[in-house]
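Visitor: Chains as they are written, first to last, in our numbering: chain A, 54 to 298; chain B, 54 to 298.
Protein chains: 2
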Amino acid sequence: MLSDVMEDYLKAIYQIQSTSGAPVATSAVAEYLGKTPPTVTSMFGKLEERGLLEREKYKGVELTEEGETVALEVLRHHRLLEAYLAEHLDYSWSEVHDEADALEHHISEEFERRVAEVLGNPTVDPHGDPIPTADLAPIDHEEADTLGDHGVGDRVVVTRVSDREEEELEYLENAGVLPGTRLDVVDVAPFGMVTVRTEGGDEQSLPDSVAASIRVRPFEGDPAGGETNGTGDDSDGSNGEVPTT
Amino acid sequence: MLSDVMEDYLKAIYQIQSTSGAPVATSAVAEYLGKTPPTVTSMFGKLEERGLLEREKYKGVELTEEGETVALEVLRHHRLLEAYLAEHLDYSWSEVHDEADALEHHISEEFERRVAEVLGNPTVDPHGDPIPTADLAPIDHEEADTLGDHGVGDRVVVTRVSDREEEELEYLENAGVLPGTRLDVVDVAPFGMVTVRTEGGDEQSLPDSVAASIRVRPFEGDPAGGETNGTGDDSDGSNGEVPTT
DNA sequence: TATTTCCTTTAGATGCGTCTAAATCCTCGC
DNA sequence: GCGAGGATTTAGACGCATCTAAAGGAAATA
């Protein structure tokens, strides 16, 4: 009934709404999806007609309950696929996104069910993003600390790294900064740079923009750096984590 | 570069070409894809412009080498997906087709590689259809015996059951007629019906139309019916089999 | 407050894939 | 060898998703 493109718009609006709050601007969606503003305006009209969003002219849009449900469905497909690709087809953490984007509109409900079952109904994907439940219940979008919020001496565990830049994800993957990784903040430079010690003992410096996209929670446990984590095996979501991407 | 729809046309032309021979009629493609003849004519024009097929007006079309390569690529995706779904996601033999159709245009080369690897580079899919090799070398389309070619007393092994009717496949699956199954022909009725004994000892009667879509080879080995086969584990293609679907 | 600047929307056009209706061509039977 | 019937193609239209160019509204600044 809905086209792939419409699903993409709903997903985009949902994501922007989740991070930046309610009325979502035409230009924000245009930039997110790589379309021109008139194209977006035109699609807003169609989605409004179908009752998937509400529009206040020149102000922006907001998803209706129905529109949000569609977005959650697509997001569930996306994140289940990411988890599956990482776990069963040996995709690296940074590679999963594009493949999931390509497939998310085309899998059947049956496929969704079976993938979820094989994975043991995971609650987070390899980036630490929460996977909507099968009943597509709304997700609670609490604000979580980011690495950028912390100062020297703080010890944290990475919970989520959501970013659409594959290169950035690749870099972090190589640096050993993944969901589940423990980090010690060893320096905060005044010009927008955070330096952390990873579990392996290496030090990594990250620009603020990157640090701001790394969600963390305070670490409680042993001090020194052992060999605790791996890539994406925390698939039961026991880190008290929250939505956004 | 090519749209999903174009790929579908090329695949359809390839399939028809493989079974019914060279110039493929507009109407044949129209029926195969559920489109009207003018729509097909129009698409033939576009595919010709791109050098993917050759057209003789009012006669029909034939794929160029390039067009055939595209068709083989799509078919490789399709059949690898079918094999993967059956083997790793617990799909039944009759369910795989539709899901593979939906996904075949959207998987990356990387995905293709990894699926092939996980499956151990299978040469046939769960229906017994040959999977094009990674280099997309042309497939040799020999004619194989069908169940309908055989008479009372013949003992055969099913090599391929290619059909687009899900219900028919479901029926055969329940009847225990699958690639690898041994069958004894016990009766051939004059009004278009073949009766076979399956490995389990059950007798099944099948109309000629169905018998004609079941490819077989003569059975050489022990007589009686044991418990040899399963559903789709003959994925190395050791049955000397041939193309069509 | 007036103006400038930026954002959004309207207007109009394009390419794709599809359709129906009508014209054209091929072939088979007489 | 001619005509009838069936297949194919042309003609013309439509909906979708997109664009560029131009017009209109909102908000910030002077």
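Here a beta-carbon is modelled for each residue, glycine too, at the ideal position from N, C-alpha and C.
1. Leaving out five residues on either side along the sequence, give the residues of the same chain with a beta carbon under 8 Å from the beta carbon of B/Y137.
2. Which one of B/E102, B/A242, B/L259, B/G229 has the shortest CA to CA distance from B/E252?
3. Using DSSP with H/G/I as helix, E/B as strand and the rest coil, what is A/T72?
4. Under 8 Å between beta-carbons, which chain A residues line up against B/V168? List them in chain order, please.
5. Exposed or buried, what is B/G120 when buried is set at 16 or more other beta-carbons lying within 10 Å of its beta-carbon?
6. For B/M96, collect the residues of the same chain with a Cβ closer than 6 Å to its Cβ; drop the 5 residues on either side in sequence, then sort them by chain order.
7. Considering only their Cβ atoms, is the gap separating B/K88 from B/V127 smaller than 8 Å?
8. Quick one: is A/P175 buried, meaning 16 or more other Cβ sit within 10 Å of its Cβ, or exposed?
9. Where do the ends of the alpha helix (DSSP H) carrying B/R132 lie?
10. Is the CB of B/H159 under 8 Å away from at least one CB in chain A?
11. For A/F244, count neighbouring Cβ atoms within 10 angstroms of its own Cβ and tell me buried if that reaches 16, exposed if not.
12. Using a Cβ-Cβ cut-off of 8 Å, state whether A/A136 counts as contacting chain B.
13. In whole angstroms, give me the CA-to-CA distance for B/V93 and B/A83.
14. Mind the definition here: the stretch 129 to 148 of chain A touches the stretch 98 to 111 of chain A only if three or more C-beta pairs lie below 8 Å; say whether that holds.
15. Could you check what DSSP says for B/A78 in three-state terms: helix, strand or coil?
16. Which runs of the beta strand (DSSP E) at least 3 residues long sit entirely within the stretch 199 to 239 of chain B? Give them in chain order.
17. Looking only at its own chain, which residues have a Cβ that is under 6 Å from the Cβ of A/R250, when we skip the five neighbours before and after it?
18. Please report the straight-line C-alpha distance between B/A277 and B/G233, rounded to a whole angstrom.
19. Take B/E219 and list the residues in its own chain whose beta-carbon comes closer than 6 Å to its own, dropping the five residues that flank it on each side.
20. Which of the three DSSP states is assigned to A/L55 in this structure?
21. Could you tell me whether any Cβ in chain A is nearer than 8 Å to the Cβ of B/V114?
22. Tell whether a beta-carbon distance below 8 Å holds between B/L189 and B/R129.
23. Have a look at B/T186 and A/D154 and give me their C-alpha separation to the nearest angstrom.
24. Can you pull the chain A neighbours of B/A155, defined as C-beta to C-beta under 8 Å?
25. Does A/E152 get closer than 8 Å to chain B when you measure Cβ to Cβ?
Guide: Checking against the coordinates, here is how it stands:
1. Against the second sequence, residue 137 of chain B aligns to sequence position 84. Around B/Y137: V168, V171, L172.
2. Locating residue 252 of chain B in the second sequence gives position 199, where the first residue counts as 1. Checked all of B/E102, B/A242, B/L259, B/G229; the closest Cα to B/E252 is B/G229.
3. For the purposes of this step, residue 72 of chain A is identified with residue 19 of the first sequence, where counting begins at 1. Reduced to three states, the DSSP call for A/T72 is helix.
4. Sequence index remark: in the second sequence, residue 168 of chain B carries index 115 (1-based). Correct list: L142.
5. The residue labelled residue 120 of chain B in the question sits at position 67 within the second sequence. Buried, by the Cβ-count rule.
6. Counting from one through the second sequence, the residue named residue 96 of chain B turns up at place 43. So the qualifying residues of the chain are Y62.
7. Within the second sequence, numbered from 1, the residue matching residue 127 of chain B stands at position 74. Within the second sequence, numbered from 1, the residue matching residue 88 of chain B stands at position 35. No.
8. By 1-based counting over the first sequence, the position of residue 175 of chain A is 122. Counting the other Cβ atoms within 10 Å of the Cβ of A/P175 gives 16 or more, which makes it buried.
9. If you number the second sequence from 1, residue 132 of chain B lands on position 79. Per DSSP, B/R132 belongs to the alpha helix (DSSP H) from 118 to 141.
10. Along the second sequence, one-based indexing puts residue 159 of chain B at 106. B/H159 counts as touching chain A.
11. Position 191 of the first sequence, counted from the first residue, corresponds to residue 244 of chain A. By the Cβ-count criterion, A/F244 is exposed, with fewer than 16 other Cβ atoms from all chains shown falling within 10 Å of its own Cβ.
12. Counting from 1 along the first sequence, the entry for residue 136 of chain A is found at position 83. So, not an interface residue.
13. For the purposes of this step, residue 93 of chain B is taken as residue 40 along the second sequence, with counting starting at 1. For the purposes of this step, residue 83 of chain B is taken as residue 30 along the second sequence, with counting starting at 1. If I take the Cα positions, the gap works out to 6 Å.
14. Not touching, per the Cβ criterion.
15. In the second sequence, counting from the first residue as 1, residue 78 of chain B sits at position 25. B/A78 falls in the coil class under three-state DSSP.
16. 208 to 214
17. Here residue 250 of chain A refers to the residue found at position 197 of the first sequence. Contacts found: D237, V239, E256.
18. The residue labelled residue 277 of chain B in the question sits at position 224 within the second sequence. The residue labelled residue 233 of chain B in the question sits at position 180 within the second sequence. In this prediction, B/A277 scores a pLDDT of 47, lower than 50, which makes its location untrustworthy; the coordinate-derived value is nonetheless stated afterwards. Rounded to whole angstroms, B/A277 to B/G233 spans 15 Å at the Cα level.
19. To locate residue 219 of chain B, count along the second sequence from 1; it is residue 166. Cβ neighbours of B/E219 beyond the five flanking positions: S147.
20. By 1-based counting over the first sequence, the position of residue 55 of chain A is 2. Note: A/L55 maps to coil in three-state DSSP.
21. As a first step, residue 114 of chain B must be located in the second sequence, where it is residue number 61. So no, B/V114 is outside the interface.
22. Stepping through the second sequence from its first residue, residue 189 of chain B is reached at position 136. Stepping through the second sequence from its first residue, residue 129 of chain B is reached at position 76. Yes, the pair counts as a contact, with Cβ atoms nearer than the cut-off.
23. Reading the second sequence from its first residue, position 133 is the one you call residue 186 of chain B. Reading the first sequence from its first residue, position 101 is the one you call residue 154 of chain A. Rounded to the nearest angstrom, the two C-alpha atoms are 27 Å apart.
24. For this step, residue 155 of chain B is matched to residue 102 along the second sequence. Those within 8 Å of B/A155 in chain A are H159, I160, S161.
25. In the first sequence, residue 152 of chain A corresponds to position 99, counting from 1. Yes, A/E152 lies at the interface with chain B (some Cβ there is under 8 Å from its Cβ).
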